[in-house]
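The structure under discussion appears below in the form of structure tokens.
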Amino acid sequence: MHFISTTVFSVLAVICSTAISGANAAGCSFVNQPTTDLIKGYDEFSASPATKPTGQSVIGYGHLCKKKGCTDVPYKFPLTTVNAEVILVQDMEEATTCLDSYISNANLNANQWGALASWAFTVGCSSVSSSTLVQRLNSGDDPNTVAKQELPKYNKDGGNEVLALKRRRDAEVLLFQTPSSEAAFPHCPFD
173 MHFISTTVFS VLAVICSTAI SGANAAGCSF VNQPTTDLIK GYDEFSASPA TKPTGQSVIG
233 YGHLCKKKGC TDVPYKFPLT TVNAEVILVQ DMEEATTCLD SYISNANLNA NQWGALASWA
293 FTVGCSSVSS STLVQRLNSG DDPNTVAKQE LPKYNKDGGN EVLALKRRRD AEVLLFQTPS
353 SEAAFPHCPF D
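Letter by letter, the sequence shown follows residues 173 to 363 of my numbering.
Here it is, written out as structure tokens:
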């Protein structure tokens, strides 16, 4: 089992205080441990920039670099797992901010929120914004039904079905449907 280090929790505290001062945050600006474990299980740690078949570079735990050679990453290579965890926390803040911008009518627990954050992390915010998944949640459809029917649709890369993406979507559905008493959206008790 993977655990986020105390250094990452310090970064998380800064991110949470920033979210609180932003006053627009509704959902949690971070994800729970089962979500982190899921992401780390599918996004293998890479200490140096790795090129995906699409030509994009990734580093750490699936962080998509914005510049060639990952020069936008503020850490030296080889990347440490601690620095990769800090980047992952920042990536999850981006994913949850995206979700928070587009989901307006759903009550989600920490596992459901985390599964959606994992999905948003891999598909990107533009796909989230135009998704039938978000439209259906906002229409008041049952969240478990929506996740079970919509998440598996995102199993392609370049129009081709990818087994690893199918497995990840299956894991996200499983996490989504795992009960949790921890609320995450629309009101996060920790922010």
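Using N, Cα and C, we set each Cβ at its ideal position, and we do this for glycine too.
Between A256 and F293 a beta carbon distance of about 14 angstroms is seen, past the 8 angstroms cut, so the two are scored as non-contacting.
Cβ-Cβ distances below 7 angstroms link Y233 to I211, K212, D215, F217, A256, L260 in the same chain, with the five nearest sequence neighbours on each side left out; the list follows chain order. Beta-bridge partners assigned by DSSP to V258: none are found. A319 sits away from V300, with the two beta carbons spaced by 8 angstroms or more. Residue environment: P315 is assigned as buried (16 or more neighbouring CB atoms within 10 Å of its CB, all protein chains considered). A straight line joining the alpha-carbon of T252 with that of V258 spans about 10 angstroms.
Distance from the CA atom of Q262 to the CA atom of D313, rounded to whole angstroms, is 30 angstroms. Ranking I231, T269, K240, K239 by CA distance to the CA of V254 puts I231 first. A residue is called buried when at least 16 other Cβ atoms come within 10 angstroms of its Cβ; T207 meets this threshold and is buried. Taking a cut-off of 8 angstroms for Cβ pairs, the segment 341-359 and the segment 275-287 touch, as three or more such pairs fall below it. According to DSSP, K328 shares a beta bridge with E333.
Distances from the CA of Q349 to each of N332, Q321, K338, P361 were compared; the closest alpha carbon is that of Q321. Ranked by how close their Cα comes to the Cα of L288, the residues L305, N277, S276, S298 have L305 in first place.
Here DSSP, grouped into helix, strand and coil, assigns N316 to helix. In the three-state reduction of the DSSP assignment, S299 falls in the helix class, which pools H, G and I. In terms of Cβ geometry, L309 and Y326 do not form a close pair [threshold 8 angstroms]. The criterion of a C-beta distance shorter than 8 angstroms is not satisfied by A219 and S229.
Under DSSP, S218 shares a beta bridge with G232.
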